[in-house]
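Counting in this note's numbering, the sequence shown runs from 748 upward without gaps. Glycine included, each C-beta is placed from N, C-alpha and C at the ideal position. Computed from a predicted structure; not experimentally measured. Beneath this line is the structure, given in C-alpha cells, with notes to follow.
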Amino acid sequence: MYDFAVVGVGPPGARFARRAAERGHDVVAFERGQVGEPLACSGHVSLDVWEYVPEAARERLHQNDVYGARFHTGGPGSEAHEFYYTDRPVSNAVDRVELDRVLAAAASDAGADVRPGHTVTSVRERTDRVALEVRNAEGVETVEARMVAGCDGPRSRVRAELGLPDPDEFLHGVLAFDPEPDAEDFVDVHLTVPGFFAWRIPRGAAGVEYGLAGTPDETGDVARRFDAFVAEYGVADRIEHRCSGLIPIGPPDRVTTDRGFLLGDAAGMTKPFTGGGILYGMTAADVAASTIDPGDPSTLAAFERAWRGELGTEIRLGRLLRRGYDAPKLLQEAGMRLFSGEIGVHMDRPSTLFSRAQLAALFDR
Ligand SMILES: Cc1cc2nc3c(=O)[nH]c(=O)nc-3n(C[C@H](O)[C@H](O)[C@H](O)COP(=O)(O)OP(=O)(O)OC[C@H]3O[C@@H](n4cnc5c(N)ncnc54)[C@H](O)[C@@H]3O)c2cc1C
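Laid out in C-alpha cells, this is it:
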C-alpha cells in the first residue's frame, strides 16, 4: 500500500508528489494523458516560479521577461494605463507544457512513481485507506493508499468521488498564438469582458498569445467574443493552436475528508483577479507535504487551516480587486489614472497593495 496516491500531474500534483517523496513517503501519481498536454494555460507567472524549478531547466522554460501591464477599458488601440517595475521583471512568460514535464521529472527523481496514461475512475474511502480504480491501456487495476490527493483540475473526479463541494464559480478561458516573435516588455489587459478580461502576452521567440476569459452566463459566447477580439487586433488569420479551459474561482469551504484532500484547481486555489493558479497550487502543495501525515487523518484538519492561513487573505483581497473589472468605466479610468506608473506590488499577493514598497512607489512619483 502506498502512503499517498496523487491523481493528476499538473504543477500542484507534481510538486506534492515530489515533496512527499522527499520526506520519505511512498507516492504513486496518476496522469490520465501525457504530462503537460493538452495546453490550456498562458504560463504567465511571477518570478517565484523559479523556486520550484530545478536550476538546469530554467533557461529552457523561460520565454520572456514582462516588466508591466497596460490596462485598457476599451479594445486594441484604446487609451492605455501602464503599471510597471523599473528595476526587474514583474513576471515571466514560461513554456507551460515543458514546466509540467520538468516538475513531473523532479517528482520521479525524488522517488515518486509517476504513471502517465493512467486514469483514475473511482475513489472509495475506507477507515484506514483509500481504494482507487485506475484504468490504463492494459486494463483496470485497484490501487490502495493511506491517503488520496485530488490534483485533477477544475472538473475534479476526486472531488466528486469524495463528495466535496465545487468551487464557487467556473470561468471559460480561450487562447491562441500568433507565431510572429515578440519580446516586448508589456502585456495588455482589456477590461472589455463582463466579470473578467482579455489579454495579449508577448512570449519572445514563441510568438504572441491572445486570450480571453469570462463567466459563460454573463459573457455569453466566450469563443465568439474571442473571435471579435483577435479580429480587432488584426491577427484573426494568423493565430494558431487555439485551446480553451475552465478556471475555477473561489475555493469551497472544505477541501479535505477523512482520507482525502484537494490541491490546485480541484480546490479552486486560484487568484480571483487573474485566474492564475500555478503558484497558489504549488504553495498549497508544499503546505500539504509539510502538514499531512498519511498515517494520521487528524493532520488533514491542520492542512485545511494552514493552506487557508497561507492563501486565504490573498484570495479574499483578489475577489475585491476583481469587482473593479465591473465598475463603471469612468470610475475605472479615474482609478487607473490615480495609481498608474511604477508599482511595488507582487502579482500573486494583493496584500502588497498596502506594502511599504507600493507606498514608496506611489509617493516617489
Ligand atoms: C485559458 C487559461 C489561462 C491560464 N493562464 C494562467 C497563467 O497565465 N498563469 C497561471 O498561474 N495560471 C493560469 N491558468 C490556470 C492554470 O492553468 C491552473 O491553475 C493550473 O493548471 C492548475 O493546475 P492543476 O494541476 O490543479 O490542474 P490542471 O492543470 O488542470 O491539471 C490536472 C491534471 O489532472 C489530470 N487528470 C484529470 N482527471 C484525471 C483522472 N481522473 N485521472 C488521472 N489524471 C487526471 C489532467 O489530465 C491534468 O493533467 C490558466 C487557465 C486557463 C484555462
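- Nearest residue (CA-CA) to residue 1063, options 808, 1017, 752, 934: Nearest C-alpha to residue 1063: 1017.
- Item | Given residue 800 as reference, the closest of 770, 759, 946 once Cα atoms are compared | Nearest of 770, 759, 946 to residue 800, Cα basis: 759.
Exercise for the section: Give the single residue among 1015, 946, 977 whose Cα lies nearest to the Cα of residue 985. Expected result: Relative to residue 985, the option among 1015, 946, 977 whose CA is nearest is 977.
Put residue 1016 into one of helix, strand or coil per three-state DSSP. Coil at residue 1016, not helix or strand.
**Message:** For a test of your reading of the model: does the CB of residue 1126 fall under 6 angstroms from any non-hydrogen atom of ligand 1? Yes or no.
**Reply:** A question about residue 1126 goes unanswered here, because the residues of the chain that appear run from 748 up to 1112.
Open item on the list: Alpha carbons only, please: which of 1011, 1034, 1035, 908 is nearest the one belonging to residue 1024?
Closed with: Nearest C-alpha to residue 1024: 1011.
Take residue 970 and list the residues in its own chain whose beta-carbon comes closer than 7 angstroms to its own, dropping the five residues that flank it on each side.
Taking residue 970 as the centre and dropping the five residues before and after it, the same chain places the C-beta of 921 closer than 7 angstroms to its C-beta, in chain order.
**Item:** Residue from 830, 836, 821 with nearest C-alpha to residue 747
**Value:** In the structure as shown, the chain starts at 748 and stops at 1112, and residue 747 therefore has no counterpart that could be examined.
Cβ-Cβ distance between residue 847 and residue 942 below 7 angstroms
No, the Cβ-Cβ distance between residue 847 and residue 942 is not below 7 angstroms.
Given this structure, state the Cα-to-Cα distance separating residue 997 from residue 915, to the nearest angstrom. Going by the C-alpha atoms only, they are around 5 angstroms apart.
Candidates 1013, 748, 778: closest to residue 913 by CA position: It is 1013 whose Cα lies nearest to the Cα of residue 913.
task: Along the alpha helix (DSSP H) that carries residue 976, what are the first and last residues, could you check?
output: Unbroken alpha helix (DSSP H) run through residue 976: 969–979.
### Query
Nearest CA to the CA of residue 754: which residue from 1078, 1040, 991, 906?
Comparing Cα positions, the closest option is 906.
- Quick one: is residue 1075 buried, meaning 16 or more other Cβ sit within 10 Å of its Cβ, or exposed? That one is exposed.
Reference residue 815; option with closest CA among 751, 957, 827, 809: The residue from 751, 957, 827, 809 with its alpha-carbon nearest to that of residue 815 is 827.
Closest Cα partner of residue 901 within the set 1044, 940, 889, 917: The shortest C-alpha separation from residue 901 is found at 917.
ask   = Candidates 1086, 895, 993, 866: which alpha carbon is nearest residue 885's?
value = Residue 885 has its Cα closest to that of 866, out of 1086, 895, 993, 866.
message = Can you determine whether any heavy atom of ligand 1 sits closer than 6 angstroms to the C-beta of residue 758, and answer yes or no?
response = Yes, the beta carbon of residue 758 sits closer than 6 angstroms to at least one heavy atom of ligand 1.
*Do you know how far the Cα of residue 1004 is from the Cα of residue 874?*
Rounded to whole angstroms, the gap between the alpha carbons of residue 874 and residue 1004 is 11 angstroms.
Quiz item: Is it right to say residue 1093 is buried, meaning 16 or more other beta carbons lie within 10 angstroms of its own, or is it exposed?
Solution: Result: buried.
What first and last residue would you give for the alpha helix (DSSP H) that runs through residue 817?
For residue 817, there is no enclosing alpha helix (DSSP H); the enclosing beta strand (DSSP E) has its first and last residue at 815–819.
Inset, instruction - Could you spell out the range, first to last residue, of the beta strand (DSSP E) harbouring residue 958? - result: Here the beta strand (DSSP E) through residue 958 covers 955–961.
Looking at the structure shown, is residue 810 part of a helix, part of a strand, or coil, going by DSSP? Three-state result, residue 810: strand.
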